[in-house]
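Below you'll find the structure, written out as structure tokens, and then a few comments.
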Amino acid sequence: MTRSAQLIAREQFEAALQAIREASKAILSLLGNPVAEAKDPQWFLQQMDNARQHLGSWGLVAKRLHINDAELSQFTLQLRHLQQLVPQYESGAEVSATALIAALRFVATLERVRLRQPLLHYNTELALSQPPQPRAARVQLRSLELTLTGLIREAWPDEVTLVNHLKLLFGANKVRRWLKFAKPGDILSGMQFSELAQLVVDKKEFAKHYAAHFPESGALSFLIEPRKSLLTFLDDVRLIRNHALGQQPLSPVQMTLLENYSAAITAPLQQHHVQGKTPVNPASFNACDDNELEAWFADAAQKHQAMSGDIFEIRDVIESPRHKPPRTREQREQLVVGVLWSAVGLVAVAIAVGGLHLVNQTRKPVAASQPVAYAAPVEPLDARESTPRQQLNRLGIAWDENHFRSAIDRDDDRIARLFLQAGMEWKVSWTEQALASKQHKVLDLLLSYRVQMNEPKPCRRMIANLGHALSQGQPFTAIRKTYLKAFCTTPAVVKRQASDAAQAQARAAATRDKSDEKWAAIQKAIYSEIN
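If you're matching positions, the sequence shown starts at 463 in the numbering used here and goes up one per residue.
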């Protein structure tokens, strides 16, 4: 960063920290853990864990804050990430681009929590000498979409080839829908922002066409891997863009975050353009007058409304319609039962036909043939009523996720098994209480149905919760290790944990603090288990 850029970053970061401190006091008070003075993010993280222990579970924390489990998971993950990037901060110290984005993201999350819970009244306005301007935010939203379009056009300059490629990736139905909204000869104009972003950050597409434009440095090292960082930034931009197109004014923290996202994404591209490595010129997209900007936003808002908003998250990979999801256990059982009963029916028909044939061969000519009544095989009552879901109904247990989770929490492997046999999917985050209480019956059962675990990214939260548990003196049990090995041994997770362990070790060596040394040992133990 230049000196002027560093001064701006420092001011924004310190304003974000001040907002976090104010919010932490209000949140902890609501959770029954009031404090007189707020401190750094690491302190807030520890206090949140104390509040969780006081209330009994993270689920009750989420309920008190009026957010769901996934949102609470994001809350704690963002706070932990901020704490890892900035374990301690002295006023006036240098601020990295990644630390600034982490702080602003968490303030934006605090803002959403405040809007959900009317009992919270903290202020998330950033006290800045130069507040962000709404027009600049609109220009940045336009520039980012045009930048994505430019990147895709660079990779696929021929329209026909691009359309055929999109059919292979997304399916013909989506392509027809895009063509319906698109301008003639420009299918990209009919796609939503998230769909353009998905085409860029998809694993295979990014590696083949776009990786060279986004180096592993600066803000794009936010999540270590540039593609993951870019995906996260663009999905946050999608949410901000939805606010703007829904005629809702953007808050100062949203505009400040957007400003930093825009710089992080376009800076390496701009450098490549200057070096002649790409025709995409992000700076040119910022040069627009008010009429041009208003026309672009009017068109974007009209498309946004016609397509019922841009509501789907940007995913790690494009989900091709050619690949059907695997059948659930219940569907497989129903298919087998159907085939077996069909076979029984065919055998019965064959026996009946054979019997008629024998009667016709042996009957006397003068005797009138007696009508033969054929009774189709009737499925036994027990077979019809023995599916797992019907057993749950007979027990008075509704087909509901909350009942499944309750069975997990109380270590009721019989009821949990019926839910799993009937095809209910589960999340690793539901096992927190069971892991803490060493409930082996239900934990072992869930592992035997691991194909039905549908949590997209379970490891961040699981490792974060494990770290908290170990820091509070809980043992690193065999079942915890088994769950780590079952879900957290992918290269990306191992790489991230190696980085976390190295950072914790470096911090412990620098501070010589007992708590830091303990945390470093915990991170190293987790890394050793999954490596």
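For glycine and all other residues, C-beta sits at the position ideal for the given N, C-alpha and C. As the structure is a prediction and not an experimental result, all values here were calculated from the model.
Applying the 10 Å Cβ sphere with the 16-neighbour rule, what's the burial state of residue i?
{"i": "residue 745", "result": "exposed"}
{"i": "residue 932", "result": "buried"}
{"i": "residue 657", "result": "buried"}
{"i": "residue 660", "result": "buried"}
{"i": "residue 913", "result": "exposed"}
{"i": "residue 689", "result": "buried"}
{"i": "residue 607", "result": "buried"}
{"i": "residue 620", "result": "exposed"}
{"i": "residue 813", "result": "exposed"}
{"i": "residue 695", "result": "buried"}
{"i": "residue 862", "result": "exposed"}
{"i": "residue 605", "result": "buried"}
{"i": "residue 867", "result": "buried"}
{"i": "residue 709", "result": "exposed"}
{"i": "residue 469", "result": "exposed"}
{"i": "residue 664", "result": "buried"}
{"i": "residue 756", "result": "exposed"}
{"i": "residue 718", "result": "buried"}
{"i": "residue 860", "result": "exposed"}
{"i": "residue 549", "result": "buried"}
{"i": "residue 511", "result": "buried"}
Compare the beta carbon distance of residue i and residue j with 8 Å and say whether it is the shorter of the two.
{"i": "residue 492", "j": "residue 582", "result": "yes"}
{"i": "residue 547", "j": "residue 560", "result": "yes"}
{"i": "residue 662", "j": "residue 610", "result": "yes"}
{"i": "residue 724", "j": "residue 602", "result": "yes"}
{"i": "residue 889", "j": "residue 917", "result": "yes"}
{"i": "residue 722", "j": "residue 613", "result": "no"}
{"i": "residue 704", "j": "residue 772", "result": "yes"}
{"i": "residue 528", "j": "residue 579", "result": "yes"}
{"i": "residue 895", "j": "residue 519", "result": "yes"}
{"i": "residue 692", "j": "residue 682", "result": "yes"}
{"i": "residue 992", "j": "residue 965", "result": "no"}
{"i": "residue 775", "j": "residue 697", "result": "yes"}
{"i": "residue 644", "j": "residue 633", "result": "no"}
Helix, strand or coil: how does DSSP classify residue i here?
{"i": "residue 900", "result": "coil"}
{"i": "residue 645", "result": "strand"}
{"i": "residue 618", "result": "coil"}
{"i": "residue 841", "result": "In this prediction, residue 841 scores a pLDDT of 41, lower than 50, which makes its location untrustworthy; no coordinate-derived value is stated."}
{"i": "residue 915", "result": "strand"}
{"i": "residue 478", "result": "helix"}
{"i": "residue 981", "result": "helix"}
{"i": "residue 888", "result": "strand"}
{"i": "residue 690", "result": "helix"}
{"i": "residue 809", "result": "helix"}
{"i": "residue 975", "result": "coil"}
{"i": "residue 473", "result": "helix"}
{"i": "residue 548", "result": "coil"}
{"i": "residue 593", "result": "coil"}
{"i": "residue 969", "result": "helix"}
{"i": "residue 672", "result": "helix"}
{"i": "residue 740", "result": "coil"}
{"i": "residue 791", "result": "Caution is warranted here: a pLDDT of 49 is assigned to residue 791, below 50, making its placement in the model unreliable, and no coordinate value can be reported."}
{"i": "residue 989", "result": "helix"}
{"i": "residue 653", "result": "coil"}
{"i": "residue 778", "result": "coil"}
{"i": "residue 709", "result": "coil"}
{"i": "residue 697", "result": "helix"}
Residue i and residue j look like a contact to me (Cβ under 8 Å); what is the Cβ gap, rounded to whole Å?
{"i": "residue 477", "j": "residue 589", "result": "5 Å"}
{"i": "residue 702", "j": "residue 572", "result": "The pair is not a contact, with the Cβ atoms about 16 Å apart (cut-off 8 Å)."}
{"i": "residue 700", "j": "residue 655", "result": "6 Å"}
{"i": "residue 909", "j": "residue 944", "result": "7 Å"}
{"i": "residue 982", "j": "residue 967", "result": "5 Å"}
{"i": "residue 780", "j": "residue 684", "result": "Actually they are not in contact, since the Cβ atoms of residue 780 and residue 684 sit about 23 Å apart, beyond 8 Å."}
{"i": "residue 878", "j": "residue 904", "result": "5 Å"}
{"i": "residue 513", "j": "residue 495", "result": "4 Å"}
{"i": "residue 637", "j": "residue 629", "result": "5 Å"}
{"i": "residue 675", "j": "residue 728", "result": "Incorrect: roughly 10 Å between the Cβ atoms, too far for contact."}
{"i": "residue 768", "j": "residue 707", "result": "With a Cβ gap of about 11 Å, residue 768 and residue 707 do not count as contacting."}
{"i": "residue 486", "j": "residue 500", "result": "5 Å"}
Starting from residue i, trace the alpha helix (DSSP H) both ways and give me its first and last residue.
{"i": "residue 515", "result": "503 to 517"}
{"i": "residue 684", "result": "Where residue 684 is concerned, there is no enclosing alpha helix (DSSP H), given that its DSSP letter is neither H nor E."}
{"i": "residue 947", "result": "940 to 949"}
{"i": "residue 752", "result": "752 to 768"}
{"i": "residue 562", "result": "559 to 578"}
{"i": "residue 723", "result": "714 to 736"}
{"i": "residue 864", "result": "863 to 871"}
{"i": "residue 937", "result": "Taken as a continuous stretch (DSSP letters only), residue 937 belongs to no alpha helix (DSSP H), as it is neither H nor E."}
{"i": "residue 452", "result": "The structure shown does not extend to residue 452, since the chain is modelled only from 463 to 993, so the question has no answer here."}
{"i": "residue 860", "result": "Residue 860 -> no alpha helix (DSSP H), and no H or E assigned at all."}
Determine whether the Cβ of residue i lies closer than 8 Å to any Cβ atom of chain D.
{"i": "residue 489", "result": "Reference to chain D is not applicable here, since this structure consists of a single protein chain."}
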